[in-house]
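Scroll down for the structure; my scribbles are underneath it.
So, in structure tokens, the structure goes:
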């Protein structure tokens, strides 16, 4: 069995085309594709131009939250109309607008040119992640407030607490 294997290997090593197609070309493909599609470890700096026409504590708090994010640079724009013109002319990629009434209904607008959506995509994803994070934080705070209003003492084990919650047994402290 071994002599037959050695004979086949000698025969295959004499064929230069076989060596090229089975060894060299796959290695070349790995090197080429790794260099083209390799992971870029440098983080992209995102610039978010914004107009705050609401000028409320809530809008300032949101902008402060955005400014704490890594790789995000906030640039304040003075004129909403001028900023929209800059987006249309291609001088600006993305505009985040906090309109009057933001503190009442929480609506904010992100403007970008539709043909350049790939440029705006990282900013859209960042703002969506921030929104989901703030919603989760708000729900957690509300749950904590409701938890404090429960009519039982919390000085016992978690399992007993779950049992008491399932059976709606009130415990006097």
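Numbering (our numbering), first residue to last: 18 to 190. From the three backbone atoms N, C-alpha and C, an ideal C-beta is built for every residue, glycine too. Since the model is a prediction, treat every value here as computed from it, not as a measurement.
Around the beta carbon of residue 153, fewer than 16 other beta carbons lie within 10 angstroms, which makes this residue exposed. For the stretch 55-119, the full-length alpha helix (DSSP H) segments reaching 4 residues or more read 74-84, 97-106 along the chain. Exclusion of the five residues before and after residue 110 leaves 129, 133, 136, 137 as the residues of its chain whose Cβ lies within less than 7 Å of its Cβ.
One Cα belongs to residue 70, the other to residue 117, and the distance between them is close to 5 Å. Straight-line measurement puts the Cα of residue 49 at about 10 Å from the Cα of residue 55. Residue 84 sits close to residue 91, with the two beta carbons spaced by under 7 Å. Under the DSSP definition of a beta bridge, residue 127 partners with 113.
CA-to-CA, the gap between residue 62 and residue 139 works out to about 10 Å. Measuring C-alpha to C-alpha distances from residue 131 to each of 141, 40, 125 identifies 141 as the nearest. By the Cβ-count criterion, residue 40 is exposed, with fewer than 16 other Cβ atoms from all chains shown falling within 10 Å of its own Cβ. The alpha-carbon separation between residue 102 and residue 93 amounts to approximately 16 Å. In the structure shown, residue 122 falls within a helical segment according to DSSP collapsed to helix, strand and coil.
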